[in-house]
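Engineer: Okay, so the sequence shown: first residue is 15 according to my numbering, each after it adds one. My questions all concern the structure below.
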Amino acid sequence: TPISEDCLYLNVWQPSPAPTGATVLVWIYGGGFFSGTSSLDVYDGRYLARMEDVVVVSMNYRLGALGFLYTGSEAAPGNAGLLDQHLALQWVQQNIQSFGGDPGKVTIFGESAGAASVNFHMLSPMSRDLFQRAMMHSASALAPWAVTPSEQARQRSKALAIDIGCSADEEDMDVLVACLREVSAQTILDHEWNVVDLSDAHFLADIPFPPVKDGRFITEDPAEMYAAGNFKDIDILVGFVKDEGNFWLVYGVPGFDKDTDSIIDRETFVGDIVFCHPRLNDITVERTAFEYTDWLHMDQDTMYRDALDSVFGDPFFVCPTMAVGKAHVNHGRTAYVYEFAQVASNLAWPHWMGAMH
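This is how it looks when you write it as structure tokens:
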């Protein structure tokens, strides 16, 4: 699909013959809040609609700086991408009956950043009344990459503007935003990753413009909201894949390559822990290496490779997903949890990467 600012479209798949009062499934795609589209072949909803007799909806939403620029002012209040999703959910409530769907039987579901988005709608007072059930695959709003403090978001927006050349008045954010509005969307895309210093990042999975605690859509820190029981109190389905980390490791982690078996030794393993989590102190690095070493299978040459898969996947995807499930159980609700381990027979990646993110 060609990149275009004219992107805010909905897709609706209706089974045939047309149903009445059918369940509605609303899909939110992932992509780290900086990439993705609902038009990918894998997101085609016609099979699901036909086989399960449901109405399937998906939508696009703005991404990167175009979707999540934040200045703390009305010029760029943040979370525009989440508000795009919110508007789509409102549209479903108002119009889905025309497609045979029941607005009282809406389930929202998503994967990765899409799952975090689903969770944000469960937390946001603005969205809670727009659906009845939720499914989250491989992430939640509790993931460390899913939300950024407002001051960091503001500083990154400022850094982006200055990097592009909007430096007339660095302290007047509205002036910077006005300058950004004069440049092309492609220019913003070309510069937005320059605001991330991976050498000083909290983790390898740092992304430039995630959602922000804006005080309007995301009113509080997600972890604090769960601790206080301040979320949409519903039964949920959450899950993850067996090999969450491997997809990311082949993009630059020392010793990993999609064209090899990526067999690493202990020295490389420990160094890669630091590479993936650069702010861990030495004691924590050693404890992590100890915890993830399979002491019963030290003779297996794949052990450290498989261990690093979990070292990366657990904190960024598995644990945040499980934490949301536990929070719902602790508040008397039911959480259905799964692990998907089946490797696709037509997988384009090497088999050792497994059932990956």
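Just so it is clear, CB atoms sit at the ideal spot from N, CA and C, and this is done for glycine as well. The structure displayed is predicted, hence computed values, not measured ones.
Let me know if N133 comes out buried or exposed under the rule of 16 or more other beta-carbons within 10 Å of its beta-carbon.
Structural biologist: Looking at its Cβ environment, which holds 16 or more other Cβ atoms inside 10 Å, N133 is buried.
Engineer: Specify, as a first and last residue, the run of the alpha helix (DSSP H) that S72 falls within.
Structural biologist: Unbroken run through S72 is the beta strand (DSSP E), V69 to M73; no alpha helix (DSSP H).
Engineer: Once DSSP output is grouped into helix, strand and coil, what is the label at A90?
Structural biologist: It is coil, neither helix nor strand.
Engineer: Is any heavy atom of the ligand GTP found at a distance shorter than 7 Å from the C-beta of N260?
Structural biologist: The model on display carries no ligand, and the ligand GTP is accordingly not part of it.
Engineer: Please state whether DSSP places F176 in a helix, a strand or coil.
Structural biologist: The residue asked about is misnamed: residue 176 is Ile in this sequence, not Phe. Looking at I176 - three-state DSSP - the assignment turns out to be helix.
Engineer: Specify the secondary structure class of D116 as computed by DSSP and reduced to three states.
Structural biologist: Here D116 sits in strand by DSSP.
Engineer: Rounded to whole angstroms, what's the CA-CA distance from I380 to S171? Just pull it up for me.
Structural biologist: Only positions 15 to 371 of the chain appear in this structure, which leaves residue 380 out of reach.
Engineer: Since I believe G124 is in contact with I42 (beta carbons under 8 Å), could you give me their beta-carbon distance rounded to a whole number of angstroms?
Structural biologist: Going by Cβ atoms, the distance from I42 to G124 rounds to 4 Å, so yes, they are a contact pair.
Engineer: Just mark D20 as buried or exposed, buried being the case when its beta carbon has 16 or more other beta carbons within 10 Å.
Structural biologist: Burial call: exposed.
Engineer: What do you reckon, are the CB atoms on P372 and A157 nearer than 8 Å?
Structural biologist: Here the chain has residues from 15 to 371 only, and residue 372 is not among them.
Engineer: Rounded C-beta distance between Q146 and I248? I'm assuming under 8 Å.
Structural biologist: Confirmed, about 7 Å.
Engineer: Taking the alpha carbon of L22 as the point to measure from, which residue in A362, V70 and H100 has its own alpha carbon closest?
Structural biologist: Ranking A362, V70 and H100 by Cα distance to L22 puts H100 first.
Engineer: Please state if the CB of F82 and the CB of P236 are separated by a distance shorter than 8 Å.
Structural biologist: It is not a contact, given that the beta carbons lie outside the stated cut-off.
Engineer: Does DSSP classify L39 as helix, strand or coil?
Structural biologist: Of the three classes helix, strand and coil, the one that applies to L39 here is strand, per DSSP.
Engineer: Under a Cβ-count criterion, where at least 16 other Cβ atoms within 10 Å of its own Cβ denotes burial, should Y84 be classed as buried or exposed?
Structural biologist: Burial call: buried.
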